[in-house]
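Chains as they are written, first to last, in the working numbering: chain A, 127 to 341; chain B, 127 to 341.
Quick look at the structure:
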């Protein structure tokens, strides 16, 4: 039985999936600080969770840690990484070579986490054929061909809201089933396609309201 | 009794606060499409919530809607906006005039939602004094003075991870209590300061894992 089938059979709640990479980030930070062991309560507190929830979340990954001893930081980090399939490089495409697309293209954090930006697209003749560092801006007309040739698994959309749905439809048509969307509109996609949205204004709205509550 | 005190006494759960701007975004999209009325179940489905949860979330705002009739789209949008204090302009500063800071500085979506980028800082002598469109890049040494003069309420940090905690400490010292952090480290701030983090790699990690589960 493969890893993917095992995961599906365990029916991990979405909320737990979203917390796993957060635990991972903190574990990596701890490892960098030279901390080798951490209790579930300490790790939970760092990650804005609580002990029982963290232990429940990690229980989906199998047996882990010894009661009263705490977690081995590096081992747990490696275990979460491997469970989430993050220990192999994945090819990523960016759609839109505007300000945001260009900034994302140059963001070094992706490569550090195993996400390789291997192609960027635009429809502007003034941009097509130019370079962003060592990456050529491709014509959006070649979307299907380039996605296939470069084995793209995840697409990042940094396009205006007015174009986002149209582009998402094309990505789905060409077999992409994971999209990170920066356009401030809600994409309609089939059930087998997963999207995450970063809506910058919504983040400021949430902050703005929390600020009032915290005062 | 002021709006802020009323809100605090109602003890709205954080999860509800995070959903309110999402409802708002969908309501604004519906209004643009010319749709005047929507049922709670329909709005909930659009926003990835469910009817009872949406009705509970909105119950924190007071009585709203008539059973069986649905919500008046524009009126509900206005009500959420006003409840969250989003119907006034707020001044925002960006720290870091690198690729991401510059892209954020030029992002038009902020102004549309009432968030005015009024100053951007950097510590690089090659950047200080230059312009991003009509905004001058200020010396980070003038942080305190500029934040006060421009009545900045929210700061966006687009700085390297190694500098993020140091800069967050300064922002807190100078009275900022709302920070949107793009650096991939977890900021330590006092309890009365609210932070939100956009960790781009974490988003790709979540997508990557959901993708496996959805297949």
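Backbone N, C-alpha and C define an ideal beta-carbon position, used for all residues, glycine too.
Euclidean distance between Cα positions of residue i and residue j
{"i": "residue 164(B)", "j": "residue 155(B)", "result": "12 Å"}
{"i": "residue 131(B)", "j": "residue 206(B)", "result": "Note that residue 131(B) scores a pLDDT of 46, beneath 50, so its modelled location is shaky and nothing firm can be said."}
{"i": "residue 293(A)", "j": "residue 286(A)", "result": "10 Å"}
{"i": "residue 128(B)", "j": "residue 334(A)", "result": "Confidence is the limiting factor: at residue 128(B) the pLDDT is only 45, short of 50, which leaves the residue's position unreliable, though a coordinate-based value still follows. For residue 128(B) and residue 334(A), the distance between alpha carbons rounds to 17 Å."}
{"i": "residue 220(A)", "j": "residue 227(A)", "result": "7 Å"}
{"i": "residue 257(B)", "j": "residue 214(A)", "result": "41 Å"}
{"i": "residue 176(B)", "j": "residue 282(B)", "result": "32 Å"}
{"i": "residue 276(A)", "j": "residue 318(A)", "result": "21 Å"}
{"i": "residue 200(B)", "j": "residue 171(B)", "result": "18 Å"}
{"i": "residue 211(A)", "j": "residue 204(A)", "result": "11 Å"}
{"i": "residue 300(B)", "j": "residue 225(A)", "result": "30 Å"}
{"i": "residue 266(B)", "j": "residue 181(B)", "result": "46 Å"}
{"i": "residue 331(A)", "j": "residue 249(B)", "result": "28 Å"}
{"i": "residue 157(A)", "j": "residue 314(B)", "result": "18 Å"}
{"i": "residue 310(B)", "j": "residue 324(B)", "result": "8 Å"}
{"i": "residue 320(B)", "j": "residue 271(A)", "result": "45 Å"}
{"i": "residue 234(A)", "j": "residue 149(B)", "result": "33 Å"}
{"i": "residue 222(A)", "j": "residue 284(A)", "result": "5 Å"}
{"i": "residue 185(B)", "j": "residue 169(B)", "result": "15 Å"}
Chain A within 8 Å of residue i, Cβ atoms only
{"i": "residue 198(B)", "result": "no"}
{"i": "residue 267(B)", "result": "no"}
{"i": "residue 139(B)", "result": "no"}
{"i": "residue 247(B)", "result": "no"}
{"i": "residue 205(B)", "result": "no"}
{"i": "residue 128(B)", "result": "Per-residue confidence for residue 128(B) stands at a pLDDT of 45, beneath the threshold of 50, marking its modelled position as unreliable; the derived number appears in the next sentence. Output row for residue 128(B): interface = no."}
{"i": "residue 303(B)", "result": "yes"}
{"i": "residue 142(B)", "result": "no"}
Neighbour-count burial assignment, residue i, 16 or more Cβ in a 10 Å radius
{"i": "residue 188(B)", "result": "exposed"}
{"i": "residue 195(B)", "result": "exposed"}
{"i": "residue 159(B)", "result": "exposed"}
{"i": "residue 246(A)", "result": "buried"}
{"i": "residue 307(B)", "result": "buried"}
{"i": "residue 343(B)", "result": "Given that chain B is displayed from residue 127 to residue 341, the structure contains no residue 343(B) and the question cannot be resolved."}
Limits of the beta strand (DSSP E) - the one that residue i falls within
{"i": "residue 306(A)", "result": "304-307"}
{"i": "residue 217(B)", "result": "216-221"}
{"i": "residue 315(B)", "result": "Neither: residue 315(B) is in no beta strand (DSSP E) and is coded neither H nor E."}
{"i": "residue 320(B)", "result": "320-323"}
Span of the alpha helix (DSSP H), counted from its first residue to its last, around residue i
{"i": "residue 237(B)", "result": "235-238"}
{"i": "residue 206(B)", "result": "199-209"}
{"i": "residue 328(A)", "result": "326-340"}
{"i": "residue 232(A)", "result": "Premise fails: residue 232(A) is in no alpha helix (DSSP H) and is neither H nor E."}
{"i": "residue 154(B)", "result": "140-158"}
Any C-beta of chain B under 8 Å from that of residue i
{"i": "residue 226(A)", "result": "yes"}
{"i": "residue 210(A)", "result": "yes"}
{"i": "residue 295(A)", "result": "no"}
{"i": "residue 288(A)", "result": "no"}
{"i": "residue 325(A)", "result": "yes"}
{"i": "residue 165(A)", "result": "no"}
{"i": "residue 318(A)", "result": "yes"}
{"i": "residue 181(A)", "result": "no"}
{"i": "residue 132(A)", "result": "With a pLDDT of only 49 at residue 132(A), under the threshold of 50, the placement of this residue in the model should not be trusted; the figure read from the coordinates follows. No, because no Cβ of chain B sits closer than 8 Å to the Cβ of residue 132(A)."}
{"i": "residue 251(A)", "result": "no"}
Check your understanding: In chain order, which continuous runs of the alpha helix (DSSP H) of length 4 or greater are located wholly inside the stretch 248-313 of chain B?
Key -> 269-275 and 287-299
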